[in-house]
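Below: the structure, in structure tokens.
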Amino acid sequence: MPALTQILAQAVAELGLELSDAQLRALLLYLDQLLLWTKAYNLTAITEPKEALIKHIIDCLAILPHLPKGSLLDIGTGAGLPAVIIAICQPERLCTALDSNQKKIRFIKQVASQLGLNNLTPIASRIEAHDGSYEVVTSRAFASLDDFVAVASIRLAAGGYLSAMKGKAPTDEELQSLSGAWDIKTIPLTVPRLHDSRHLIELSAKND
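Throughout the sequence shown, residue numbering follows our numbering, covering 109 to 316 in sequence.
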């Protein structure tokens, strides 16, 4: 655990985040519970603690400096990535973690209770059946930017932002199909200790 604590603390410093010791402990407890529950529920394919810390926790931390303010919906949250990470690090933000997988939502409810995350609401539902309006809608799960925009935009408040976590930057072709209706910003991310490409795609509706 001390090695993981050091890696996490260094990453937080590199990302320019200001997190308390309690928040760092909460992130590591979440990781511990994620790996524990994975033995029974197969929440993540990554089971090695250091790799999971980098590819899950630190990967999600990298988007925090770039997230617009406001209430947040995380679609297809899985085991709570990035919703739980955001809720831990930004206690002033109301976060909703949405996934149709009951077991994954059960895990998030359990870990949210353990960590006292009063700003996090886990909901087992498909996005099509979910009501509500949010200032920020995130996802780490969608393969296609088009698909994400199609389902996420329905839940977006006026003046809100879609924030899609992606590996490689979208192609011009992908962006072209959306550029008529959306202002699009591609933000390259540097994730400490991760050598893969990472981007955050921010979309806001163009005014008519």
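A virtual CB, placed ideally from N, CA and C, is assigned to each residue, including glycine.
#1: At a Cβ threshold of 8 Å, is residue 247 touching chain D?
#2: Check whether the region 279 to 296 and the region 218 to 231 touch, using three or more Cβ-Cβ pairs below 8 Å as the test.
#3: Could you give the first and the last residue of the continuous beta strand (DSSP E) run that contains residue 229?
#4: Counting pairs of beta carbons, one from the region 195 to 215 and one from the region 162 to 177, are three or more of them closer than 8 Å?
#5: So, does the region 297 to 310 touch the region 112 to 119, judging by three or more C-beta pairs under 8 Å?
#6: Determine the DSSP secondary structure at residue 314, reduced to helix, strand or coil.
#7: Please return the same chain residues whose Cβ sits closer than 8 Å to the Cβ of residue 158, not counting the five positions on each side in sequence.
#8: On the DSSP letters alone, give me the boundaries of the beta strand (DSSP E) that residue 326 sits inside.
#9: Is DSSP giving residue 255 helix, strand or coil here?
#10: Looking at the strands, I want to know which residues DSSP matches up with residue 242.
#11: Given a cut-off of 8 Å on the beta-carbon distance, is the pair residue 143 and residue 160 in contact?
#12: Using a threshold of 8 Å, state whether the C-beta atoms of residue 309 and residue 253 are closer than that.
#13: I need the straight-line Cα distance from residue 206 to residue 245, nearest angstrom please.
#14: Is the beta carbon of residue 240 sitting closer than 8 Å to the one on residue 279?
#15: Let me confirm a value: residue 272 is counted as buried when at least 16 other C-beta atoms fall within 10 Å, else exposed. Which label applies?
#16: Considering only residues of the same chain and omitting the five flanking positions on each side of residue 196, which have a CB-CB separation below 8 Å?
#17: Can you name the residues that DSSP bridges to residue 115?
#18: Beta carbon of residue 234, beta carbon of residue 208: below 8 Å?
#19: With which residues is residue 295 paired in a DSSP beta bridge?
#20: Determine the closest residue to residue 187 out of 219, 277, 156, 170, with distance taken between C-alpha atoms.
Taking the geometry as given:
#1: Included in the structure is just one protein chain, with no chain D present.
#2: no
#3: On the sequence shown, position 121 is the one that residue 229 refers to. Note, residue 229: beta strand (DSSP E), 228 to 232.
#4: yes
#5: yes
#6: By 1-based counting over the sequence shown, the position of residue 314 is 206. Reduced to three states, the DSSP call for residue 314 is coil.
#7: As a working mapping, residue 158 is identified with position 50 in the sequence shown. Correct list, in chain order: 111, 112, 115.
#8: With the chain covering only 109 through 316, there is no way to say anything about residue 326.
#9: Looking up residue 255 in the sequence shown gives position 147. In the structure shown, residue 255 sits in a helix (DSSP, three-state: H, G or I).
#10: Locating residue 242 in the sequence shown gives position 134, counting from the first residue. Note: residue 242 sits in a beta bridge opposite 264.
#11: Position 35 of the sequence shown, counted from the first residue, corresponds to residue 143. Position 52 of the sequence shown, counted from the first residue, corresponds to residue 160. Cβ distance < 8 Å, so residue 143 and residue 160 count as in contact.
#12: One-based indexing of the sequence shown puts residue 309 at position 201. One-based indexing of the sequence shown puts residue 253 at position 145. It is a contact, given that the beta carbons lie within the stated cut-off.
#13: Reading the sequence shown from its first residue, position 98 is the one you call residue 206. Reading the sequence shown from its first residue, position 137 is the one you call residue 245. Cα-Cα distance, rounded: 11 Å.
#14: Numbered from 1 along the sequence shown, position 132 holds the residue referred to as residue 240. Numbered from 1 along the sequence shown, position 171 holds the residue referred to as residue 279. Their beta carbons are not under 8 Å apart, which means residue 240 does not touch residue 279 by this criterion.
#15: Here residue 272 corresponds to residue number 164 of the sequence shown, with the count starting at 1. The residue is buried, with at least 16 neighbouring Cβ atoms inside 10 Å.
#16: Mapped onto the sequence shown, residue 196 falls at position 88. Closer than 8 Å at the Cβ level, and outside the excluded window around residue 196, lie 131, 134, 135, 138, 223, 225.
#17: To locate residue 115, count along the sequence shown from 1; it is residue 7. DSSP lists no partner for residue 115.
#18: In the sequence shown, counting from the first residue as 1, residue 234 sits at position 126. In the sequence shown, counting from the first residue as 1, residue 208 sits at position 100. For residue 234 and residue 208, yes; Cβs fall inside 8 Å.
#19: Numbered from its first residue, the sequence shown carries residue 295 at position 187. According to DSSP, residue 295 bridges with 308.
#20: Here residue 187 refers to the residue found at position 79 of the sequence shown. Comparing Cα positions, the closest option is 219.
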